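Structure record follows, encoded as structure tokens.
This is how it looks when you write it as structure tokens:
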């Protein structure tokens, strides 16, 4: 089993299925998988004692209303803060609990690179994860630290690829996407349409897949699949699984 199984289009549950359980919890991931989704998009930070945990924000404000920073709490302190029986899990716990899931892990803090890599290796999950970061330094460090895993593109890499493609500079495009397995982009940036059949084909000459985030409208999902995208990142996996 690898990250790029099974068949397309690939549906990525954005932070799990938060309609059924708090986002980025194992329960939310299980809810998405119960609908038939096998790819989970999630986020990683690091605790004060160096453990990689799954949560989007640097603080717990959207978890329990507090402004405590994850990087200032130990794992034990963090796991005391349950909501409705749900807790924030570690990267290793989620990978271990869901051996049939493929994880797209967005590293939010450069200090989390090493703990995330350690967790992935400890569970022997390199081939079923795609690791990425919007921040170029973190994305580059992940590629160096986890050469056996799959890798997404940083914001800087995407910008370089878009510019190279706009200039029809194939050499620059290849250079921009070197070491990248999947380009993950929004459908547009301002007035610029990032997802067209020609752009998709251009990116796919140098990467395995093109994924688009975050799409919750079934009509837009179908439009994007019709254009040729390989994956849809969505909060509404209940709608996505009904795509023809």
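In my numbering, the protein residues as written are 1 to 244.
We treat Cβ as the ideally placed atom computed from N, Cα and C, and that holds for glycine.
Since we're looking at a predicted model, the values are computed, not measured.
- Distance from residue 214 to residue 14 at the Cβ level is roughly 5 Å; contact confirmed, criterion being Cβ atoms closer than 8 Å.
- Looking at 193, 65, 80, 176, the one whose alpha-carbon comes closest to that of residue 204 is 176.
- For residue 84, there is no enclosing alpha helix (DSSP H), since its DSSP letter is neither H nor E.
- For residue 148, the secondary structure class from DSSP, reduced to helix, strand or coil, is coil.
- Looking at the DSSP output, residue 24 sits in no beta bridge, so it has no partner there.
- Counting along the chain, residue 238 sits inside no beta strand (DSSP E); it lies in the alpha helix (DSSP H) bounded by residues 237–240.
- Per DSSP, residue 93 lies in no beta strand (DSSP E); the unbroken alpha helix (DSSP H) holding it starts and ends at 91–97.
- The count of Cβ pairs closer than 8 Å, one atom from the region 121–135 and one from the region 57–65, stays below three, leaving the stretches out of contact.
- Distance from the Cα of residue 111 is smallest, within the candidate group 144, 220, 198, 52, for 52.
- Annotation for residue 97: 26 place their beta carbon closer than 7 Å to its own, counting only its chain and skipping 5 residues before and after.
- Under DSSP, residue 189 shares a beta bridge with 192.
- Using a Cβ distance threshold of 7 Å, residue 43 and residue 74 do not count as a contacting pair.
- The criterion of a C-beta distance shorter than 7 Å is not satisfied by residue 35 and residue 212.
- Residue 42: member of the beta strand (DSSP E) spanning 39–46, first to last residue.
- Between residue 78 and residue 117, the gap from beta carbon to beta carbon reaches 7 Å or more.
- Taking the Cα of residue 69 as reference, the smallest distance to any Cα among 104, 109, 23 is reached at 109.
- Beta-bridge partners of residue 182 (DSSP): 152, 209.
- Under DSSP, residue 231 forms a beta bridge with 10, 211.
- For residue 199, the enclosing alpha helix (DSSP H) starts and ends at 197–204.
- Its Cα nearest to that of residue 196, the residue 224 stands out among 224, 171, 24.
- The continuous beta strand (DSSP E) containing residue 102 extends over residues 102–107.
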